[in-house]
Ligand code: C2E
Ligand code: CA
Ligand code: CA
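Numbering (our numbering), first residue to last: 65 to 602.
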């Protein structure tokens, strides 16, 4: 049972591992996808922010140009009071404009609408304005260090120009898409790369960052926004946590699905595993009879699956799967232990009785079964010399040398080996006999043909002769009629089993039959086991 539990736990661990693996892959994939999504979304958001910056700057340039065009239309090109009035009016109406001024051909300010003393103005760059004929764009700084943009144009034929001063910051984004203060780096620059104005701190070129440039079709400048990549997951932390949370939930669901699939009726191997742990595989006993004396010679153990609902399943429905899954080994060991507990004393106190177990071919290819058999029967009233192990001729032998060694080791313990279903397999009898077995069991197919088919009768006769020459016993299987019994007797066969005597019986019925056919007449030294057997059979 310990081994069952160990196997069970190991299988569950494998299931959990598979579950975590199945869940882990989507989790990693989701994380990977999410990273890609955040990156793509970040890129898209920054592109949108850059487009907004271009649109904002376009509209501000447009306002300033319209205001200056308006003044030019009025002929404002001097510092006369009426001109100053018109300039005041324009500055008041056009929101971005800080100052309207008259400048001379050298770019020096002559007067402004404010009438304030003219502070220091440093002109750092001067380029023709694209998209606005006759305009010049100056990049400058005023006394307090604030970066400014100045647009100027000629008015009529005079030498002076009319100019408007706008803080460079007004051409740059101030708030992020979410309404927070804009925190990335942004600038607008002329086509030749002269920076008109910038905001924020530019991430180093070596840092992971996302940079997007968007040109203004209208005025020919370019807006660039650069954001450090690390900023993106922070901004999308909620999304990432949501992703991780969903991936975690998927992981748990998948692990549960894998575990439940293994336990649901849809998985027959898991079903057998569970039934084995629950002790649902029980031994039935088919008596083997001496057809000359009518005495009981023993029984063959045939497994039945007694389900929780009381229904019985025949071995044909689960033995192949138990064999292919490797569970047959534990099932056979469990069956032997159960027989020891249930019928051990009844068999043990009748040394003439033999008890046969069906052993799948694979059990003979592993030496450890010798120890298992020895251990199971050493603590039981059943002597090893009463045990018969049946190896079927139907399955091919995978490792002949190993099988032969295991058979020899078992015979060394006193156990006898039978070849089951003789005449039906593909290995060939002579090949099977090289294993050095003790008993051959003639298949029902031949038993049915005896008396009606001459060839079969001859084959069985030859088998019997062969067996006797090799000092092997013969058991006939599937005997259903009295005529068959007569023919088998004539052929010199002594042991037979079949419905004519008894079908496979549950433990209690078998024990009653044993007591009835072979009563033990007040043994000289009754032992506890015998008494127990009698009371359970009663
Ligand atoms: P088998 O070893 O050849 O067992 C004889 C089968 O013939 C049994 O079928 C038995 O119920 C049936 N039988 C017995 N007498 C008669 C009869 O007079 N007429 C007819 N028609 N059938 C009869 P069962 O119990 O369904 O077992 C089928 C097979 O399953 C067995 O064939 C054996 O190969 C396998 N098996 C049963 N128990 C075990 C087990 O514990 N371990 C392994 N590895 N195989 C088992
Ligand atoms: Ca058998
Ligand atoms: Ca058989």
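Just so you know, even glycine gets a beta-carbon here, dropped at the ideal spot from N, CA and C.
| request: Return yes when the Cβ of residue 429 is within less than 8 Å of the Cβ of residue 466, no when it is not. | output: Between residue 466 and residue 429, the gap from beta carbon to beta carbon is short of 8 Å.
| request: Report the residue ranges of all beta strand (DSSP E) runs contained in full by the region 487-555; include only those spanning at least 3 residues, in chain order. | output: DSSP runs (the beta strand (DSSP E)) wholly in the region 487-555: 503-506, 537-540.
| request: Would you check if the distance between the CB atom of residue 507 and the CB atom of residue 486 is smaller than 8 Å? | output: Judged by their CB atoms, residue 507 and residue 486 are nearer to each other than the 8 Å cut-off.
| Selected residue, minimal CA-CA separation from residue 389, among 398, 320, 131, 333 | Cα-wise, what sits closest to residue 389 is 333.
| So does residue 484 have its beta carbon nearer than 7 Å to some heavy atom of ligand 2? | It does: the Cβ of residue 484 is within 7 Å (strictly closer) of some heavy atom of ligand 2.
| request: Please find out if some non-hydrogen atom of ligand 2 comes closer than 7 Å to the beta-carbon of residue 422. | output: Yes.
| residue 145: first and last residue of the uninterrupted alpha helix (DSSP H) it sits in | 145-157 is the extent of the alpha helix (DSSP H) around residue 145.
| Between residue 455 and residue 481, which are expected to be in contact by the criterion C-beta below 8 Å, what is the C-beta distance as a whole number of angstroms? | With 8 Å as the limit, residue 455 and residue 481 qualify as a contact, their Cβ atoms being about 6 Å apart.
| request: Look at the alpha carbon of residue 214 and the alpha carbon of residue 293, and state the distance between them as a whole number of angstroms. | output: Straight-line spacing of the CA atoms in residue 214 and residue 293 works out to 35 Å.
| request: Mind checking which residues open and close the alpha helix (DSSP H) that includes residue 462? | output: Where residue 462 is concerned, there is no enclosing alpha helix (DSSP H), given that its DSSP letter is neither H nor E.
| task | Compare the C-alpha of residue 166 against each of 272, 181, 217 and name the closest. | result | It is 217.
| message | Nearer than 7 Å: is that true of the beta carbon of residue 507 relative to any heavy atom of ligand 3? | response | Yes.
| Relative to ligand 2, is the shortest distance from any of its heavy atoms to the C-beta of residue 454 smaller than 7 Å? | Yes, Cβ of residue 454 sits closer than 7 Å to a heavy atom of ligand 2.
| task | Using 7 Å as the cut-off, classify the Cβ of residue 387 as near or not near the heavy atoms of ligand 2, replying yes or no. | result | No, the Cβ of residue 387 stays beyond 7 Å of every heavy atom of ligand 2.
| message | Distance check for residue 532 and residue 525, CA to CA, integer angstroms please. | response | Rounded to whole angstroms, the separation of the alpha carbons of residue 532 and residue 525 is 11 Å.
| query | Between residue 608 and the rest of its own chain, which residues show a CB-CB distance below 8 Å, the 5 nearest in sequence each way excluded? | reply | Absent from the model: residue 608. The displayed extent of the chain is 65 to 602, so no value can be given.
| So is the beta-carbon of residue 337 under 7 Å away from any non-hydrogen atom of ligand 4? | The model on display carries ligand 1, ligand 2 and ligand 3 but not ligand 4.
| So the alpha helix (DSSP H) residue 409 belongs to, where does it begin and stop? | For residue 409, the enclosing alpha helix (DSSP H) covers residues 392-412.
| task | Please classify residue 583: is it buried, with 16 or more other beta-carbons within 10 angstroms of its beta-carbon, or exposed? | result | Around the beta carbon of residue 583, a 10 Å sphere encloses fewer than 16 other beta carbons of the protein chains shown; the residue is thus reported as exposed.
| task | Would you mind stating whether residue 363 and residue 574 have Cβ atoms separated by less than 8 Å? | result | Judged by beta-carbon spacing, residue 574 lies within the 8 Å limit of residue 363, meaning their Cβ atoms are closer than that value.
| query | Alpha carbon to alpha carbon, how far is residue 122 from residue 271? | reply | Put simply, the backbone Cα of residue 122 is about 31 Å away from that of residue 271.
| query | On the three-state DSSP scale, how would you describe residue 589? | reply | Residue confidence is low: residue 589 scores 45 on pLDDT, short of 50, so the model does not pin down where it sits. Its coordinate-derived value is still stated next. Correct three-state label for residue 589: coil.
| Strand pairing of residue 202, partner residues [DSSP] | DSSP output for residue 202 lists 190, 214 as bridge partner(s).
| request: Check whether the Cβ atoms of residue 146 and residue 223 lie closer than 8 Å to each other. | output: Contact flag unset, no.
| query | Skipping 5 residues on each side, what residues in its chain have a beta carbon closer than 6 Å to that of residue 285? | reply | If we look at residue 285 and ignore the five residues flanking it on each side, its Cβ neighbours are 252, 254.
| message | Using the three-state DSSP reduction, which class does residue 375 fall into: helix, strand or coil? | response | Reduced to three states, the DSSP call for residue 375 is coil.
| 6 Å CB neighbourhood of residue 540 in its chain, flanking five on each side removed | Counting only Cβ-Cβ distances below 6 Å, and skipping sequence neighbours, we find 506, 511, 552, 557, 560.
| Nearest to residue 335 by CA position, among 350, 347, 371, 236, is which residue? | Minimum Cα distance to residue 335 is reached at 371.
| query | If you compare alpha carbons, which of 170, 191, 187, 142 is closest to residue 176? | reply | Here the closest residue by C-alpha is 142.
| field | For residue 175: DSSP bridge partner residues | value | Per DSSP, the beta bridge partners of residue 175 are 166.
| said: In chain order, what are the residue ranges of uninterrupted beta strand (DSSP E) at least 3 long that sit wholly in the region 417-450? | reply: DSSP runs (the beta strand (DSSP E)) wholly in the region 417-450: 418-423.
| Can you give the Cα-Cα distance for residue 400 and residue 381, rounded to whole angstroms? | In a straight line, the C-alpha of residue 400 is about 20 Å away from that of residue 381.
| CB contact flag (residue 426, residue 387, <8 Å) | It is a contact, given that the beta carbons lie within the stated cut-off.
| message | Using a Cβ-Cβ cutoff of less than 7 Å, which residues in the same chain neighbour residue 449 once the five nearest sequence positions on both sides are dropped? | response | Within the same chain, residue 449 has close Cβ partners 478.
| Could you give the residue range of the beta strand (DSSP E) that holds residue 346? | Taken as a continuous stretch (DSSP letters only), the beta strand (DSSP E) holding residue 346 covers 345-354.
| message | I need the straight-line Cα distance from residue 369 to residue 391, nearest angstrom please. | response | Spanning the two alpha carbons is a distance of roughly 14 Å.
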